[in-house]
Every structure is written in structure tokens, then in C-alpha cells.
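Visitor: I have a structure here, written as C-alpha cells, and I will follow up with some questions on it.
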Amino acid sequence: MANTSRHPRRLRRLLLLLPAAALSDTDASCIDSGDLADHCPLWAQRGECATNPVYMHEHCRRSCGCPAQGPPPPSGECADRDKSGACATWAAAGECDANPAYMKVKCASTCGTCDMLDWRKRCPVDPEAKPAVPPGAMQETFERALSNFPQYSPQLLSSDPYVVTFEERARTRKSRLQAAPAPRDFISDDEVEALLRHSEGRFVRSTASGGFTVQPKKGRAVLWPATFNERPFEKDARTHHEALPANFWLHQYDYVDAHHRGCTA
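Next comes the structure, spelled out in C-alpha cells:
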């Protein structure tokens, strides 16, 4: 379900075909962590960048003004962030190696990984990494969607921003897939963590400037971006989604490795 308007509305949750984080032109690490992107600006406005700098400069760098370097943990103050008291038990069971993304940060003192509390060391950005969707490529994707898939009856509802709907075949294909066997391990445990569960009502029902709404319908898919064609790292706040159907997220860079290192919030 898509709702578009011509004027941005701040701090609303977007369906991100492209990354939830917004990057600066000069520092690829200057992002707000994906699933915190709608909270970071509010926290920053409330002064959390100053009162809680270790967390905010790690997870909300863009909202905190993209500091040149995230502050390392204060000298001599390394402690387990997990307050359950179970860090020692987990470490004895081998969790420091089995679950490094959590343990090396939340149980850093017990695991002897205090250096990993420094975001710069734990989450370095590969200078050779190339984004999945470079500037200008998004428009080509929508042009192909409109011209190459007539069997799905694509309809262009808007070209700025792009909004395209697909109909028909999805319903029959779904019924066939329901009877098809599926392996139990078709996604990994790490990929499971990236699947999102949304609740009813998490969307903007109307906009002050008008726009239009795509009503949900069995067999219908809606495709649209939440960033700009020429600026794929900058959010376009003109669209919102209800978040009830299945959503597809495209990450610009290697998400799985970053998730292993605890760099995805």
C-alpha cells in the first residue's frame, strides 16, 4: 500500500527498496542504523547525541551530524552491557565465538573484546565496496519493469516518485507454490534476523497535500523506491507504506557480513 505526496513529511517510516540508512557524500559510514532510522532524528533532537554519545555515535551517526570519528569507549570503563548477569555463563558455553555479533559488544568485558566497542574497529567500511544501485540506475530498473513484464500487467501510477503496480499472475502462482515442498533451511539463521514483522496501523493514512493511495488487493504488488534516482543514499519522504504485506528490502552493501559483526543495529 503506497501513499504519495509532493512534500516531504519528516520522521515517518518508509518502505526501503533501497537502504534505510542515508550516507554522506564523503563518509560511507555516516548512517543511521536501518531499523532505528525513524527513531534517531527524534533522539538527536532530545539531546541524546550529547548525553548518550557512545550509543548514538554508533547507531545514529547521521542524525548526530556525522561526527568525523565515533568516540571510542572511555579508557578503563569497559563493562558488560548486558545486565542479565548471564555473560559469564554464555561465555563458558562458547557463545563469544558462536554469537560474536552480540557477545563481543554486549559481553565485551567477559569475552575480552573491549576493543570491539569502538565502532570504527568493529565496522570498518571497505573503500572498494560498490553499491548495488549506483546513482541513476533506479530509473532504468523501473523502465525495465514496465517494458519487460507484460504478463504482470504493470501500471505506472507515478513517475516522480516512481510507483508501479503489478497484477494477475501472482494469485495463480501463489496457489501453486502453496502445494510445493520447501526445504527447512531455505534461509539461514542470520537471514531470519533480517526478516521484518510489522503490525497493523504502521503507515500514514493521508497527507495534507493530497497524493494517492494504492489499495491492497489479493494478487497485487506495488513497487516504488524511498530514495532518489540520482541520490540513492538520500531518503525521499514522499511515500509511506502500511507494512502489512510482504516487503522486500535491498541493501546497498554486504548485509550478512555486517550483521555477523554487529554492525546492523
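Note that the sequence shown covers residues -28 to -1, 1 to 237 in mature numbering (1 follows the signal peptide of the UniProt record, and there is no 0). Glycine residues also receive a C-beta, built at the ideal position from the N, C-alpha and C atoms.
1. What is the residue span of the beta strand (DSSP E) that residue 111 lies within?
2. Using CA atoms only, rank isn't needed, just tell me which of 105, 234, 230, 192 is closest to residue 200.
3. What's the gap between the Cα of residue 225 and the Cα of residue 109?
4. Applying the 10 Å Cβ sphere with the 16-neighbour rule, what's the burial state of residue 211?
5. Name the two residues that bound the continuous alpha helix (DSSP H) containing residue 193.
6. With residue 82 and residue 101 assumed to form a contact (beta carbons below 8 angstroms), what rounded beta-carbon distance in angstroms separates them?
7. Are at least three pairs of beta-carbons, each pair with one atom in the segment 82 to 98 and one in the segment 219 to 235, less than 8 angstroms apart?
8. Taking the DSSP output, what are the residues bridged to residue 307?
9. Is the segment 55 to 75 touching the segment 17 to 37 in the sense that three or more CB pairs, one from each, lie closer than 8 angstroms?
10. Taking only three categories from DSSP, how would you classify residue 212?
11. Once the 5 residues before and after residue 17 are set aside, which same chain residues still bring their CB inside 8 angstroms of it?
12. In this structure, does DSSP put residue 86 in helix, strand or coil?
13. If you draw a straight line from the alpha carbon of residue 197 to that of residue 204, how long is it in whole angstroms?
14. Using the beta-carbon count (16 or more within 10 Å), is residue 60 buried or exposed?
15. Using the Cα positions of residue 124 and residue 140, report the straight-line distance between them to the nearest angstrom.
16. Thinking just about the alpha-carbon of each residue, which of 50, 135, 183 is nearest to the one in residue 192?
17. Roughly how far, in whole angstroms, is the beta-carbon of residue 8 from the beta-carbon of residue 29, given that I think they are within contact range, below 8 angstroms?
Guide: The structure says:
1. For the purposes of this step, residue 111 is taken as residue 139 along the sequence shown, with counting starting at 1. Per DSSP, residue 111 lies in no beta strand (DSSP E); the unbroken alpha helix (DSSP H) holding it starts and ends at 109 to 119.
2. To locate residue 200, count along the sequence shown from 1; it is residue 228. Of the listed residues, the one whose Cα sits closest to residue 200 is 105.
3. The residue labelled residue 225 in the question sits at position 253 within the sequence shown. The residue labelled residue 109 in the question sits at position 137 within the sequence shown. Looking at the two C-alpha atoms, the distance is approximately 15 angstroms.
4. Start at 1 with the first residue of the sequence shown, and residue 211 comes out as number 239. Classification for residue 211: buried.
5. By 1-based counting over the sequence shown, the position of residue 193 is 221. Counting along the chain, no alpha helix (DSSP H) covers residue 193; the unbroken beta strand (DSSP E) around it starts and ends at 193 to 195.
6. Within the sequence shown, numbered from 1, the residue matching residue 82 stands at position 110. Within the sequence shown, numbered from 1, the residue matching residue 101 stands at position 129. The Cβ separation is near 32 angstroms, so there is no contact.
7. Contact annotation: the segment 82 to 98 touches the segment 219 to 235, with at least three C-beta pairs closer than 8 angstroms.
8. Outside the displayed span of the chain (-28 to 237) sits residue 307, for which this structure offers no information.
9. Put simply, the segment 17 to 37 does not touch the segment 55 to 75. Fewer than three CB pairs are less than 8 angstroms apart.
10. As a working note, residue 212 is residue 240 in the sequence shown. Residue 212 falls in the strand class under three-state DSSP.
11. Residue mapping note: residue 17 aligns to position 45 of the sequence shown, counting from 1. Excluding residues within five positions, none has a Cβ falling inside 8 angstroms.
12. As a first step, residue 86 is located in the sequence shown; it is residue number 114 there, counting from the start. Helix at residue 86.
13. The residue given as residue 197 occupies position 225 in the sequence shown. The residue given as residue 204 occupies position 232 in the sequence shown. When rounded, the distance between both Cα atoms is 9 angstroms.
14. As a working mapping, residue 60 is identified with position 88 in the sequence shown. Result: exposed.
15. Residue numbering aside, residue 124 sits at position 152 when the sequence shown is read from its first letter. Residue numbering aside, residue 140 sits at position 168 when the sequence shown is read from its first letter. Using only the alpha carbons, I get a separation of about 6 angstroms.
16. For the purposes of this step, residue 192 is identified with residue 220 of the sequence shown, where counting begins at 1. Per the Cα distances, 135.
17. Counting from 1 along the sequence shown, the entry for residue 8 is found at position 36. Counting from 1 along the sequence shown, the entry for residue 29 is found at position 57. Actually they do not touch by this definition, with Cβ atoms about 13 angstroms apart.
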